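Structure first, commentary second.
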Amino acid sequence: MFVLVELFGIPRQRAGQAVVKLEVCEESTCLGNIVLQLTKLFPDLAEECFEGRRLQTGYIASIGGKTFVRSPDTKIRAGESLLVMSADSGG
Numbered sequence: 817m818f819v820l821v822e823l824f825g826i827p828r829q830r831a832g833q834a835v836v837k838l839e840v841c842e843e844s845t846c847l848g849n850i851v852l853q854l855t856k857l858f859p860d861l862a863e864e865c866f867e868g869r870r871l872q873t874g875y876i877a878s879i880g881g882k883t884f885v886r887s888p889d890t891k892i893r894a895g896e897s898l899l900v901m902s903a904d905s906g907g
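All the letters of the sequence shown, read from the start, carry residue numbers 817 to 907 under my numbering.
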């Protein structure tokens, strides 16, 4: 099982890639756990965009491009995509 993380703007620049496929052991995980996995993979991304299990102010996540979330306790189901971007990335 996996969650597909799509990075936009500064998060993409810091990670050096647009898409990350993260394995999850359960049918669902939470945003905080995804942030921790990304922190281990991309220290530069973490330094710029994360504070522990949370997104720093100025960054936001979206589940499937439909629901914007910031709480580290937000559930993300396996198979879903999670977009991570600067809060001002929209148009």
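For every residue, glycine included, the Cβ atom is placed at its ideal position computed from N, Cα and C.
Treat the numbers as computed from the prediction; the structure is a model and nothing was measured.
- Rounded separation between residue 878 and residue 818 - CA only: 16 Å
- Item | Limits of the beta strand (DSSP E) - the one that residue 846 falls within | 844 to 846
- Query: For residue 904, does the count of other Cβ atoms within 10 angstroms reach 16, so buried, or fall short, so exposed?
  - Reply: exposed
- Query: Should residue 827 be labelled buried (16 or more other beta-carbon atoms within 10 Å of its own) or exposed?
  - Reply: buried
- Query: At which residues does the beta strand (DSSP E) containing residue 862 begin and terminate?
  - Reply: Careful: residue 862 lies outside any beta strand (DSSP E), inside the alpha helix (DSSP H) at 859 to 865.
- Run the CB neighbour count on residue 835, radius 10 Å, all protein chains shown included, and call it buried at 16 or more, exposed below. exposed
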